[in-house]
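In my numbering, the protein residues as written are 375 to 579.
Just so you know, even glycine gets a beta-carbon here, dropped at the ideal spot from N, CA and C.
Okay, structure first, notes after.
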């Protein structure tokens, strides 16, 4: 199964969607026979990636939900956190901002538990996108400002590869409220921003 999983990953990397789908469906049958939640989670995550490539975002969302269910069942917290970030991104992109923010908070809670600052940055970025989508520009700016401040202090893994897309969305939103938020966020530590988000009425802990 590990070889077949690698074949699927390689096909996804080549963007050979038909080959990837064929391998993933075979892996799915084998994983169901074995009763492996980890392998089933990987299969559904791969199928979600294909759905994204075909711009079938609702299908991608449904597949990611199935993947999340299996990763939770096998107790793989890092992958659970990653899937929650993906679900947050898809929900916000589909216009379901509050739902996306809920997934992002769940991801942030796990990221804090693991001291995973990379996933914390992704989760915060999705919270900023969600706030923008709800017209809460100052809140979005505050969250993004805290990410910017943390970037200046220490590396955040592969976050720099993806930040441009997030920054572009904020750049399109001009106005005094966003700027006020950015100034406020840049004065906060990353840990303080995480704590504030999770302590908010919507965040819980």
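task: Consult DSSP for residue 436 and reduce its assignment to one of helix, strand or coil.
output: Numbered from its first residue, the chain shown carries residue 436 at position 62. Helix, per DSSP.
- request: Could you check which residue in 538, 421 and 454 has the C-alpha nearest to that of residue 518?
  value: Taking the first residue of the chain shown as 1, we reach residue 518 at position 144. The shortest Cα separation from residue 518 among 538, 421 and 454 belongs to 538.
- prompt: Whose C-alpha, out of 400, 560 and 475, is nearest the C-alpha of residue 576?
  reply: As a working note, residue 576 is residue 202 in the chain shown. When only C-alpha atoms are compared, the closest one is 475.
message: Which runs of the alpha helix (DSSP H) at least 4 residues long sit entirely within the segment 495 to 529? Give them in chain order.
response: 511 to 527
- prompt: Would the beta-carbon of residue 530 fall within 7 Å of that of residue 492?
  reply: For the purposes of this step, residue 530 is taken as residue 156 along the chain shown, with counting starting at 1. For the purposes of this step, residue 492 is taken as residue 118 along the chain shown, with counting starting at 1. Going by C-beta atoms, residue 530 is nearer than 7 Å to residue 492.
message: Can you give me the C-alpha to C-alpha distance between residue 400 and residue 454, rounded to a whole angstrom?
response: Here residue 400 refers to the residue found at position 26 of the chain shown. Here residue 454 refers to the residue found at position 80 of the chain shown. Using only the alpha carbons, I get a separation of about 23 Å.
- request: Within the same chain, show all residues whose beta-carbon is closer than 7 Å to that of residue 428, passing over the 5 residues directly before and after it, in chain order.
  value: By one-based count along the chain shown, residue 428 stands at place 54. Excluding residues within five positions, none has a Cβ falling inside 7 Å.
field: DSSP three-state assignment for residue 450, whether helix, strand or coil
entry: Here residue 450 corresponds to residue number 76 of the chain shown, with the count starting at 1. Coil at residue 450, not helix or strand.
task: Report all residues from its chain with a CB closer than 6 Å to the CB of residue 514; omit the five preceding and five following residues, and keep chain order.
output: Counting from one through the chain shown, the residue named residue 514 turns up at place 140. So the list reads 502, 505 and 506, once near-sequence residues are dropped.
- request: Whole angstroms is fine: what's the gap from residue 471's alpha carbon to residue 478's?
  value: Reading the chain shown from its first residue, position 97 is the one you call residue 471. Reading the chain shown from its first residue, position 104 is the one you call residue 478. One C-alpha to the other measures close to 10 Å.
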